[in-house]
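Visitor:
Chains as they are written, first to last, in the numbering used here: chain C, 1 to 265; chain V, 1 to 219; chain S, 1 to 240.
#1: Taking the beta carbon of residue 183 of chain V as the centre, do at least 16 other beta carbons fall within 10 Å, making it buried, or is it exposed?
#2: Going by beta-carbon coordinates alone, are residue 65 of chain V and residue 173 of chain S separated by less than 8 Å?
#3: Straight-line CA distance for residue 113 of chain C to residue 182 of chain C?
#4: Considering Cα atoms alone, identify which of C/242, C/133, C/258, C/233 is closest to residue 49 of chain C.
#5: Considering only C-alpha positions, which residue in the set S/210, S/198, S/92, S/188 is nearest to residue 27 of chain S?
#6: Is residue 183 of chain S close to the ligand MN? I mean its beta-carbon at under 7 Å from any heavy atom of the ligand.
#7: With a floor of 4 residues, list each alpha helix (DSSP H) that falls wholly inside the segment 47-105 of chain C, ordered by position along the chain.
#8: Look at residue 209 of chain C and residue 178 of chain C and say whether their C-beta atoms are less than 8 Å apart.
#9: To the nearest whole angstrom, what separates the beta carbons of residue 132 of chain C and residue 65 of chain C, a pair I think is in contact under 8 Å?
#10: Could you confirm whether any beta carbon from chain V is found closer than 8 Å to the beta carbon of residue 147 of chain S?
#11: Please list the partners that residue 179 of chain S has in chain V, where partner means a Cβ-to-Cβ separation under 7 Å.
#12: Since residue 156 of chain V contacts residue 29 of chain V with CB under 8 Å, what's their CB separation in whole angstroms?
#13: What does the Cβ neighbour count give for residue 31 of chain C, buried or exposed, with the cut at 16 atoms within 10 Å?
#14: Can you pull the DSSP bridge partners for residue 11 of chain C?
#15: If you scan the segment 150-203 of chain C from start to end, which runs of the alpha helix (DSSP H) of 4 or more residues do you find wholly inside it?
#16: Contact check, residue 47 of chain C vs residue 231 of chain C under 8 Å by CB: the rounded distance?
#17: Distance cutoff 8 Å, beta carbons only. Does residue 144 of chain S sit that close to anything in chain V?
#18: In chain order, what residues of the same chain lie with their CB nearer than 7 Å to the CB of residue 51 of chain C, ignoring the 5 residues before and after it?
#19: Quick one: list the residues of chain S neighbouring residue 80 of chain V, beta-carbon separation under 9 Å, in chain order.
#20: Let me make sure I understand the geometry here. Which of V/43, V/92, V/158, V/120 has the alpha-carbon closest to that of residue 105 of chain V?
#21: Which of the three DSSP states is assigned to residue 7 of chain V in this structure?
#22: Tell me which residue opens and which closes the beta strand (DSSP E) that residue 207 of chain C is part of.
#23: With 16 other CB atoms within 10 Å as the buried threshold, where does residue 43 of chain C fall?
#24: Taking all protein chains shown into account, decide if residue 161 of chain C is buried (16 or more other Cβ within 10 angstroms of its Cβ) or exposed.
#25: What residues in the segment 95-113 of chain C bring their beta carbon closer than 7 Å to a beta carbon of chain S?
#26: Along the segment 134-156 of chain C, where does the CB come closer than 9 Å to a CB of chain S? Name the residues.
#27: Which chain S residues sit within Cβ distance under 7 Å of residue 78 of chain C?
#28: So, do the segment 121-131 of chain S and the segment 55-63 of chain S have three or more beta carbon pairs nearer to each other than 8 Å?
#29: Give the straight-line distance between the Cα atoms of residue 237 of chain C and residue 51 of chain S, rounded to the nearest whole angstrom.
#30: Between residue 18 of chain V and chain S, is the shortest Cβ-Cβ distance under 8 Å, so that the two count as touching?
#31: Helix, strand or coil: which one does DSSP assign to residue 237 of chain C?
#32: Can you pull the chain C residues whose beta carbon is under 9 Å from the beta carbon of residue 139 of chain S, in chain order?
#33: Check for me: the alpha helix (DSSP H) holding residue 38 of chain C runs from which residue to which?
#34: Any idea which residues DSSP pairs residue 53 of chain V with across the strands?
#35: Against chain S, with Cβ distances strictly below 8 Å, would residue 142 of chain V count as a contact?
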């Protein structure tokens with residue numbers, strides 16, 4: 001059922017494992033994402049979705065397994081027969097390649113919207129300030145925040161804050177964007193706008209992994225759906241096929257639960 | 001030079017004996033300071049203008065000057081006013097006064113967290129002021145300031161080391177006496193430090209124990 | 001008992017010298033102590049258990065042992081290690097070490113009070129831990145650091161009186177000299193008391209001004225919002 005991934009996937013996760021105090025949260029996760037592909041990661045709460053994203057950014061170092069970004073090992077590399085754990089510098093160097101938008105956004109409240117987007121470019125990518133500012137202004141304007149650059153996060157609405165956080169991640173020119181439940185912290189009337197934005201990013205060719213409860217997004221924007229349960233990806237396939245003909249009984253039950261309108265989490 | 005553990009071991013009996021002096025003085029000071037702090041708090045709550053003004057100056061003075069100087073005032077200056085207390089009493093009085101001030105300030109903070117409704121309820125029952133203090137306010141107040149009070153007790157324990165400067169034969173002075181004959185001041189002082197460490201660790205452990213008991217009793 | 005102002009007229013240069021040395025010692029001890037404190041606070045946050053245990057021991061020891069004993073330990077410990085400093089350098093070093101333990105706890109507490117996501121979001125864009133501290137964490141905790149740091153600095157200034165016991169010619173030492181020369185303890189200690197009082201009041205005032213300054217820069221979010229301000233900005237208490 002699983003489609004064969006293209007020759008060099010942009011993100012390749014293999015045998016990823018993570019335990020917290022002896023409790024396994026991720027058990028052998030495998031996931032390949034091709035360039036330009038949009039993958040919706042769904043599953044009941046506590047299944048390990050958020051932990052997977054945190055492991056993909058190495059915020060929680062995985063105990064075992066490999067992550068390849070565009071063919072480059074991230075965090076842990078196989079050299080011949082031996083596994084070598086990368087140093088902090090090596091990990092930090094690849095981090096801008098992975099844009100992360102947190103559920104709680106974590107904008108920096110002491111910096112203006114513009115400075116939130118400019119500062120990481122200057123500090124991490126060593127871009128000249130003028131160039132960073134120009135890039136930030138472009139991105140913010142493109143995301144509908146033109147004229148709001150000098151506002152501080154507290155003075156932005158929920159949707160505006162989210163777009164600022166997305167701009168901050170995009171400014172690093174990531175190869176891959178990760179979204180952790182992008183709609184769950186928003187008022188219901190803003191959900192449509194966010195989905196539209198994600199669709200636009202997808203249309204521009206951005207590779208994305210989106211943890212979501214929004215079945216509409218999974219069905220209409222995602223190319224693929226990966227269903228996680230009990231620390232594993234138990235079903236993974238083209239979105240329509242997964243939605244219409246789930247093979248795994250747990251996925252079928254989960255979809256029924258969501259369609260019945262009960263909260264999934 | 002190398003550190004001689006044998007020296008450290010040989011001085012420990014004499015030092016722990018002397019530590020009992022610090023322990024005894026600290027215990028007396030804590031009792032006096034808690035009493036003094038409580039009385040000052042009740043006095044301040046009576047809201048007598050001139051009294052409160054005088055207490056405010058006293059607080060500012062005690063908090064704004066070194067404890068060592070306050071000890072000197074009781075030891076060197078008080079006799080000139082006909083109050084010759086001797087080193088131990090002078091020292092105990094100075095530290096107890098100092099600590100009372102810090103405790104009454106702690107209590108001021110604690111009082112703000114007591115719901116005013118409880119006092120109103122007490123007044124509605126026509127309880128005398130004395131009873132409201134004793135049965136309603138103080139028990140809760142002590143529970144609330146307990147963590148800060150434990151910190152204050154460790155400060156008092158540390159403060160007793162200053163009494164060696166005014167010739168009280170405590171751990172530190174004993175250590176200095178030993179060192180002057182053995183010429184191993186460093187090992188001896190490490191021993192003195194260990195005595196204080198032991199006392200203060202015990203104080204903090206006791207504080208945690210009482211706190212957890214209190215938490216159990218309330219749940 | 002009478003107060004003889006002539007004693008103060010004779011000895012005021014000594015008091016002045018002592019006060020000046022106290023101020024200089026405390027200024028240096030503050031800078032050195034705070035620098036060590038920040039390093040210790042950062043070390044307390046690294047993942048390594050061994051480093052954290054060492055930091056815990058450092059802070060715990062310095063906080064449970066009387067300063068006068070720390071002072072003597074440094075005073076006798078440095079020659080023990082073959083290092084010889086003048087007494088005032090030894091005293092300043094001991095004062096800085098003592099204060100560093102408390103400053104470390106203040107800084108560590110402030111860092112931990114910030115939501116972890118602030119640090120993590122800085123790390124995910126690729127900032128190193130130190131860059132994340134410098135650009136994201138420290139600017140946000142700066143204001144909260146001021147009041148407890150000021151209190152600790154006032155405590156340190158008062159503890160500096162103990163330096164007199166290793167013959168550092170600071171304020172308390174000079175008062176003992178005057179007392180020994182004149183047998184007039186009242187005049188000697190009254191004068192020195194007032195000088196300490198003045199020093200601590202001035203430091204507290206300077207700190208209040210500093211706090212007001214950092215306030216406008218860091219809490220624009222609160223101050224622009226009248227409703228939040230009515231809850232979150234309290235009038236600074238008079239410290240003395």
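Backbone N, C-alpha and C define an ideal beta-carbon position, used for all residues, glycine too.
Guide: On the basis of the supplied data:
#1: Here residue 183 of chain V refers to the residue found at position 183 of the second chain. Exposed, because fewer than 16 other Cβ atoms sit within 10 Å of the Cβ of residue 183 of chain V.
#2: Translated into the one-based positions of the second chain, residue 65 of chain V becomes position 65. Translated into the one-based positions of the third chain, residue 173 of chain S becomes position 173. No, the Cβ-Cβ distance between residue 65 of chain V and residue 173 of chain S is not below 8 Å.
#3: Along the first chain, read from residue 1 onward, the residue named residue 113 of chain C stands at position 113. Along the first chain, read from residue 1 onward, the residue named residue 182 of chain C stands at position 182. Going by the C-alpha atoms only, they are around 19 Å apart.
#4: As a working note, residue 49 of chain C is residue 49 in the first chain. Ranking the options by Cα distance to residue 49 of chain C, first place goes to C/233.
#5: Sequence index remark: in the third chain, residue 27 of chain S carries index 27 (1-based). Ranking the options by Cα distance to residue 27 of chain S, first place goes to S/92.
#6: No copy of the ligand MN occurs in the structure displayed, which carries no ligand at all.
#7: 49-56, 88-94
#8: Along the first chain, one-based indexing puts residue 209 of chain C at 209. Along the first chain, one-based indexing puts residue 178 of chain C at 178. The answer is yes: Cβ separation under 8 Å.
#9: Reading the first chain from its first residue, position 132 is the one you call residue 132 of chain C. Reading the first chain from its first residue, position 65 is the one you call residue 65 of chain C. Not quite, the Cβ-Cβ distance comes to about 35 Å (not below 8 Å), so this is no contact.
#10: The residue you call residue 147 of chain S lines up with position 147 of the third chain. No, residue 147 of chain S does not count as interfacial toward chain V.
#11: Residue mapping note: residue 179 of chain S aligns to position 179 of the third chain, counting from 1. What residue 179 of chain S touches in chain V: 76.
#12: Taking the second chain and counting its residues from 1, one reaches residue 156 of chain V at position 156. Taking the second chain and counting its residues from 1, one reaches residue 29 of chain V at position 29. With 8 Å as the limit, residue 156 of chain V and residue 29 of chain V qualify as a contact, their Cβ atoms being about 5 Å apart.
#13: Indexing the first chain from 1 puts residue 31 of chain C at position 31. Flag for residue 31 of chain C reads buried.
#14: For the purposes of this step, residue 11 of chain C is taken as the residue at position 11 of the first chain. Beta-bridge pairing links residue 11 of chain C to C/33, C/69.
#15: 158-170, 191-203
#16: Locating residue 47 of chain C in the first chain gives position 47, where the first residue counts as 1. Locating residue 231 of chain C in the first chain gives position 231, where the first residue counts as 1. The Cβ separation is near 7 Å, so the contact holds.
#17: Locating residue 144 of chain S in the third chain gives position 144, where the first residue counts as 1. Taking Cβ atoms only, chain V never reaches closer than 8 Å to residue 144 of chain S, which makes this a no.
#18: Here residue 51 of chain C refers to the residue found at position 51 when the first chain is read from its first residue. Same-chain partners within the cutoff: 18, 25, 26, 60.
#19: Reading the second chain from its first residue, position 80 is the one you call residue 80 of chain V. Ordered by position in chain S, the residues that pass the 9 Å Cβ test against residue 80 of chain V are 1, 184, 185, 186.
#20: Your numbering for residue 105 of chain V matches position 105 in the second chain. Cα-wise, what sits closest to residue 105 of chain V is V/43.
#21: Working through the second chain from its first residue, we reach residue 7 of chain V at position 7. Note: residue 7 of chain V maps to helix in three-state DSSP.
#22: Locating residue 207 of chain C in the first chain gives position 207, where the first residue counts as 1. Its beta strand (DSSP E) spans residues 207-211.
#23: The count along the first chain starts at 1 and reaches residue 43 of chain C at position 43. Per the 10 Å Cβ criterion, buried.
#24: For the purposes of this step, residue 161 of chain C is taken as the residue at position 161 of the first chain. Result: buried.
#25: 95, 96, 100, 102, 104, 106, 108, 109, 110
#26: 152, 153, 154, 155
#27: For the purposes of this step, residue 78 of chain C is taken as residue 78 along the first chain, with counting starting at 1. In chain order: nothing, as chain S lies at least about 23 Å away.
#28: no
#29: Position 237 of the first chain holds residue 237 of chain C. Position 51 of the third chain holds residue 51 of chain S. Those two C-alpha atoms are separated by around 47 Å.
#30: As a working note, residue 18 of chain V is residue 18 in the second chain. No, because no Cβ of chain S sits closer than 8 Å to the Cβ of residue 18 of chain V.
#31: Sequence index remark: in the first chain, residue 237 of chain C carries index 237 (1-based). Looking at residue 237 of chain C - three-state DSSP - the assignment turns out to be strand.
#32: Within the third chain, the letter at position 139 stands for residue 139 of chain S. The contacting residues are 108, 110, 111.
#33: Residue mapping note: residue 38 of chain C aligns to position 38 of the first chain, counting from 1. Note, residue 38 of chain C: premise wrong, no alpha helix (DSSP H); beta strand (DSSP E) at 38-42.
#34: Looking up residue 53 of chain V in the second chain gives position 53. Partner(s): none; residue 53 of chain V has no beta bridge.
#35: Looking up residue 142 of chain V in the second chain gives position 142. No, because no Cβ of chain S sits closer than 8 Å to the Cβ of residue 142 of chain V.
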